[in-house]
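For reference, the structure discussed in these notes is given below.
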Amino acid sequence: MNPLEHCIIPDWPAPKQVRALQTTRQGGVSVAPYDSLNLGGHVGDNPLAVERNRMLLNRLLPGEPVWLEQIHGTRVANADQAGCRVQADACIARHRAAVCVVMTADCLPILLCDTQGSVVGAAHAGWKGLAAGVIETTVLAMGVAPQHLMAWLGPAISQEAFEVGEEVRAAFVGAQPQSASAFTPGQPGKWFAD
2 MNPLEHCIIP DWPAPKQVRA LQTTRQGGVS VAPYDSLNLG GHVGDNPLAV
52 ERNRMLLNRL LPGEPVWLEQ IHGTRVANAD QAGCRVQADA CIARHRAAVC
102 VVMTADCLPI LLCDTQGSVV GAAHAGWKGL AAGVIETTVL AMGVAPQHLM
152 AWLGPAISQE AFEVGEEVRA AFVGAQPQSA SAFTPGQPGK WFAD
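Under this note's numbering, the residues of the sequence shown are numbered 2 to 195, in order.
This is the structure we're talking about:
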């Protein structure tokens with residue numbers, strides 16, 4: 002099995018020393034319904050299959066990733082401290098062999114770096130984290146001036162498929178009224194979020 006054969010390589014103008022990839026479900030050992038490259042130990046898959054999938058991926062990486070316990074918040078971990086297990090929804094790194102990892106299904110993965118490639122970050126941007134400021138918190142932790150920041154937005158659920166309740170719209174509009182334009186009405190009490 003080779004997960005790299007099925008990965009998405011971001012097409013962004015990041016510095017040469019910044020390497021990034023987005024895995025897909027292909028290239029691992031998990032069986033249905035988790036087939037095949039499930040990396041999440043929290044969804045009910047066989048823990049041995051998850052461990053094997055992570056080992057397959059780790060062989061392609063320059064260092065040991067920090068596997069976050071994602072909680073749909075704004076906490077940012079330091080991936081330079083490999084091996085630690087931390088509750089966070091984003092991570093940053095300054096060391097060349099450090100590996101930032103976030104896991105997503107329908108949430109948005111965001112990869113970040115500065116124009117020099119001296120700091121990188123990855124954020125798991127689900128609606129709760131987005132509304133609470135996970136992107137802003139990650140950028141602050143990176144310490145990069147906006148004009149020197151680069152971002153890649155990975156695959157995520159589309160607006161046509163992302164129906165949410167009034168509480169989701171209220172969380173965004175309450176924090177930033179201009180975000181109302183990201184919602185179109187659906188069934189009564191429902192919205193499609195972009």
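From the three backbone atoms N, C-alpha and C, an ideal C-beta is built for every residue, glycine too.
For residue i, count neighbouring C-beta atoms within 10 Å of its own C-beta (all shown protein chains included) and say buried if the count is 16 or more, exposed if not.
i       : result
Met-143 : buried
Pro-66  : buried
Ile-136 : buried
Ala-179 : Checking the sequence, you will find Gln at residue 179 rather than Ala. Result: exposed.
Gln-71  : buried
Arg-86  : exposed
Gly-45  : exposed
Arg-60  : exposed
Leu-49  : exposed
Out of the options, which has the shortest C-alpha to C-alpha gap to residue i?
i       : options                             : result
Trp-192 : Ile-93, Ala-89, Glu-164 and Gly-134 : Glu-164
Ala-181 : Ala-172, Arg-76 and Asp-115         : Ala-172
Glu-167 : Gln-117, Pro-189, His-7 and His-149 : Pro-189
Thr-25  : Asn-47, Ile-72 and Met-104          : Met-104
Gln-82  : Glu-70, Gly-64 and Gln-71           : Gly-64
Ala-15  : Gly-127, His-7, Asp-107 and Thr-116 : Thr-116
Arg-97  : His-7, Thr-185, Gly-187 and Arg-20  : Arg-20
Between residue i and the rest of its own chain, which residues show a CB-CB distance below 7 Å, the 5 nearest in sequence each way excluded?
i       : result
Arg-55  : Leu-40
Val-77  : Ala-89, Ala-91, Cys-92, Ile-93, Thr-138, Thr-139 and Ala-142
Trp-13  : Met-151 and Trp-153
Arg-95  : Asp-81, Ser-119 and Val-120
Gly-187 : Glu-164 and Phe-193
Less than 8 Å between CB atoms is the rule here; does residue i satisfy it with respect to chain C?
i      : result
Ala-99 : Looking at the structure shown, chain C is missing, and only one protein chain is on hand.
With DSSP as the reference, label residue i as helix, strand or coil.
i       : result
Thr-25  : coil
Asn-59  : helix
Trp-192 : strand
Trp-13  : coil
Glu-164 : strand
Ile-136 : helix
His-73  : coil
Asn-54  : helix
So, at 6 Å on beta carbons, what are the nonlocal neighbours of residue i in its own chain, with the 5 sequence-adjacent residues on each side left out?
i       : result
Leu-58  : Pro-4
Leu-113 : Gly-122 and Ala-152
Ile-9   : Gln-23
Gly-155 : Gln-23 and Pro-110
His-7   : Thr-25, Gln-27 and Gly-28
Cutting at 8 Å between CB atoms, please list the residues of its own chain near residue i, excluding the five before and the five after it.
i      : result
Leu-62 : Val-100
Using 8 Å as the threshold, is the C-beta distance between residue i and residue j below it?
i       : j       : result
Gly-29  : Gly-74  : no
Asn-102 : Trp-68  : Rather than Asn, the amino acid found at residue 102 in this sequence is Val. Their beta carbons are under 8 Å apart, which means Val-102 touches Trp-68 by this criterion.
Leu-109 : Ala-157 : yes
Gln-160 : Asp-195 : yes
Ala-176 : Ala-132 : yes
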